Amino acid sequence: MLGIIDVGGGTRGIFGAGVLDCCLDKNIQFDYCSGVSAGAANLISYVAKQHGRCRTFYMEYAFRDEYMGWSHFRESGDFINLRYIYATLSNSGGENPLDYNAIEASSQRFVCTTTEAETGRPAYFTEADLARDNYRIIAASSCVPVLNRPVEIDGRPYVDGGVSDPIPVKKAREDGIERVVVILTRPKDYFRRARKDLYFALRLRRKYPRLARAMANRAKTYNRSLREILAEDGKDILILAPKSTAHMRTLTLNKDAMAAMYEEGYAMAQRIEDWL
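Under full-length UniProt numbering, the first residue of the sequence shown carries the number 1, and numbering increases by one thereafter.
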């Protein structure tokens with residue numbers, strides 16, 4: 001069984017969009033598609049066979065005032081307008097709807113990693129948890145704590161899956177996946193530092209103490225997972241990562257840098273056929 005994992009990374013996720021568009025062009029099929037944060041959004045469009053859809057979100061919609069920004073945060077408590085992204089634009093009749101019929105018809109398994117806000121533990125949803133015009137699991141996986149209010153699913157609050165399981169290779173192995181392509185959005189030699197995570201943890205501590213603990217440990221969790229996959233790179237795991245992020249932070253909006261990351265992802269995806 002062949003899998004692909006896209007770890008996301010805000011607007012740097014456009015690197016993964018390039019990888020997946022190349023896979024669609026070359027008809028490279030994965031049995032198992034596991035996404036975290038923006039990676040989940042990338043992969044559901046890949047499952048739907050909607051070439052170029054995610055590139056449009058990154059390169060066009062992300063620059064709209066409705067998409068994200070401090071003015072929206074002041075009005076609603078959400079820096080990223082997840083409803084606009086995953087409902088207004090993506091629902092039937094929206095400007096760029098997901099092809100839900102194609103998702104239903106696909107034999108590919110889709111897994112979306114989130115974090116339970118009350119426990120700080122990972123929670124995994126699948127294509128069975130999607131419904132036409134209900135893409136809340138993907139919104140939850142993309143919900144940045146502190147910058148956004150948690151997304152409720154069946155009355156429980158969820159946030160970004162990258163807090164608790166940023167590179168879910170262990171989950172893929174538990175699900176029976178033998179070989180995995182892992183899309184990173186930072187260079188392979190980038191190890192996460194805890195400083196920003198500790199600030200966010202302090203902000204979360206009062207309302208969500210267990211989530212705060214997971215956030216404080218986020219760098220350790222990411223770095224441990226990264227070391228594990230680096231040990232298998234080129235064997236049962238193929239890591240695709242940009243050589244540089246061109247100073248792109250998680251929510252940087254720079255069209256030239258984003259276009260370059262997309263093209264690098266597209267070019268790097270051609271390594272997959274040789275690895276297979």
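Positions of the beta carbon are idealized from the N, C-alpha and C atoms, including for glycine. Keep in mind it's a predicted model, so treat the numbers as computed, not measured.
query = For residue 4, which three-state DSSP category applies?
reply = Mapped onto the sequence shown, residue 4 falls at position 4. Reduced to three states, the DSSP call for residue 4 is strand.
request  = Using the Cα positions of residue 89 and residue 60, report the straight-line distance between them to the nearest angstrom.
outcome  = Here the question's residue 89 lines up with position 89 in the sequence shown. Here the question's residue 60 lines up with position 60 in the sequence shown. Roughly 12 Å separates the two Cα atoms.
inquiry  = Considering just the uninterrupted stretch of the alpha helix (DSSP H) at residue 41, what are its terminal residues?
reply    = As a working note, residue 41 is residue 41 in the sequence shown. Unbroken alpha helix (DSSP H) run through residue 41: 38–47.
ask   = Of all the options 260, 184, 180, 126, which has the alpha carbon lying nearest to the alpha carbon of residue 235?
value = Reading the sequence shown from its first residue, position 235 is the one you call residue 235. Checking every option, the nearest Cα to that of residue 235 belongs to 180.
task = Would you please state the rounded distance, in angstroms, between the beta carbons of residue 164 and residue 121? I believe it to be under 8 Å.
result = As a first step, residue 164 is located in the sequence shown; it is residue number 164 there, counting from the start. As a first step, residue 121 is located in the sequence shown; it is residue number 121 there, counting from the start. The pair is a contact, with the Cβ atoms about 6 Å apart (cut-off 8 Å).
inquiry  = For residue 24, tell me which candidate among 12, 220, 48, 158 has the shortest Cα-Cα distance.
reply    = For the purposes of this step, residue 24 is taken as residue 24 along the sequence shown, with counting starting at 1. Among 12, 220, 48, 158, the Cα nearest to that of residue 24 belongs to 48.
request  = Mind reading off the beta-carbon distance from residue 147 to residue 79? Whole number of angstroms is fine, and I expect it under 8 Å.
outcome  = Position 147 of the sequence shown holds residue 147. Position 79 of the sequence shown holds residue 79. About 4 Å; that satisfies the 8 Å criterion.
message = Would residue 129 and residue 91 qualify as a contact pair, given that the criterion is a beta-carbon distance under 7 Å?
response = Taking the first residue of the sequence shown as position 1, residue 129 is located at position 129. Taking the first residue of the sequence shown as position 1, residue 91 is located at position 91. No, Cβ-Cβ distance for residue 129 and residue 91 is not below 7 Å.
ask   = By Cβ distance below 6 Å, which residues in the same chain neighbour residue 41 in space, the five residues on each side in sequence not counted?
value = Working through the sequence shown from its first residue, we reach residue 41 at position 41. 138, listed in sequence order.
message = Check for me: the beta strand (DSSP E) holding residue 112 runs from which residue to which?
response = Mapped onto the sequence shown, residue 112 falls at position 112. Looking at the DSSP string, the run of the beta strand (DSSP E) that includes residue 112 is 109–116.
ask   = For residue 16, which option in 203, 145, 209, 240 has the closest C-alpha, if you only look at C-alpha atoms?
value = Locating residue 16 in the sequence shown gives position 16, counting from the first residue. Measuring from the Cα of residue 16, the nearest candidate turns out to be 240.
Cα-Cα separation, residue 188 to residue 219 = Residue numbering aside, residue 188 sits at position 188 when the sequence shown is read from its first letter. Residue numbering aside, residue 219 sits at position 219 when the sequence shown is read from its first letter. About 15 Å.
key: Whole runs of the beta strand (DSSP E) within the segment 32–103, excluding any shorter than 3 residues   = 32–36
ask   = Whose C-beta lies closer than 6 Å to the C-beta of residue 45 among residues of the same chain, with five residues either side of it excluded?
value = As a working mapping, residue 45 is identified with position 45 in the sequence shown. Contacts found: 53, 54.
Residue 102 versus residue 196: straight-line alpha-carbon distance, rounded = Stepping through the sequence shown from its first residue, residue 102 is reached at position 102. Stepping through the sequence shown from its first residue, residue 196 is reached at position 196. For residue 102 and residue 196, the distance between alpha carbons rounds to 39 Å.
task = At 4 residues or longer, and completely inside the segment 112–190: list those alpha helix (DSSP H) runs for me, N to C.
result = 136–141, 169–174
ask   = From this set, 125, 251, 260, 242, which residue's C-alpha is nearest residue 161's C-alpha?
value = The count along the sequence shown starts at 1 and reaches residue 161 at position 161. Measuring from the Cα of residue 161, the nearest candidate turns out to be 125.
key: residue 239 - partner residues in DSSP beta bridges   = Translated into positions along the sequence shown, residue 239 becomes position 239. 182, per the DSSP bridge assignment.
task = Note down the Cα distance separating residue 225 from residue 194, rounded to an integer number of angstroms.
result = Start at 1 with the first residue of the sequence shown, and residue 225 comes out as number 225. Start at 1 with the first residue of the sequence shown, and residue 194 comes out as number 194. About 15 Å.
Whole-angstrom C-beta distance between residue 261 and residue 248, which should lie under 8 Å = What you label residue 248 is simply residue 248 of the sequence shown in a count that begins at 1. What you label residue 261 is simply residue 261 of the sequence shown in a count that begins at 1. Between residue 261 and residue 248 the Cβ distance is about 7 Å, and since that is below 8 Å, they are a contact.
ask   = In or out: residue 6 buried (at least 16 other Cβ within 10 Å) or exposed?
value = For the purposes of this step, residue 6 is taken as the residue at position 6 of the sequence shown. Buried is the call here.
key: Close beta carbons around residue 84, own chain, < 7 Å, minus the five adjacent residues each side   = As a working mapping, residue 84 is identified with position 84 in the sequence shown. Once the five neighbours on either side are set aside, the close Cβ partners of residue 84 are 66, 67.
request  = Could you pull out every residue in the same chain whose Cβ sits closer than 7 Å to the Cβ of residue 295, ignoring the five residues on either side in sequence?
outcome  = Past the edges of the chain, shown from 1 to 276, lies residue 295, and the structure says nothing about it.
inquiry  = Considering only DSSP beta bridges, list what residue 233 is partnered with.
reply    = Along the sequence shown, read from residue 1 onward, the residue named residue 233 stands at position 233. 237.
message = Tell me which residues share the same chain as residue 252 and place their Cβ nearer than 7 Å to its Cβ, disregarding the 5 neighbours each side in the sequence.
response = Your numbering for residue 252 matches position 252 in the sequence shown. Closer than 7 Å at Cβ, skipping near neighbours: 11.
ask   = What first and last residue would you give for the alpha helix (DSSP H) that runs through residue 15?
value = Taking the first residue of the sequence shown as position 1, residue 15 is located at position 15. Unbroken alpha helix (DSSP H) run through residue 15: 14–25.
request  = Report yes if the C-beta distance between residue 4 and residue 30 is below 7 Å; otherwise report no.
outcome  = By 1-based counting over the sequence shown, the position of residue 4 is 4. By 1-based counting over the sequence shown, the position of residue 30 is 30. Yes.
request  = Please check if any C-beta of chain B sits within less than 7 Å of the C-beta of residue 76.
outcome  = Absent from the structure is chain B; it holds one protein chain and no more.
request  = Note down, in chain order, each residue of its chain lying with its Cβ closer than 6 Å to the Cβ of residue 233, except the 5 sequence neighbours on either side.
outcome  = Locating residue 233 in the sequence shown gives position 233, counting from the first residue. Correct list, in chain order: 239.
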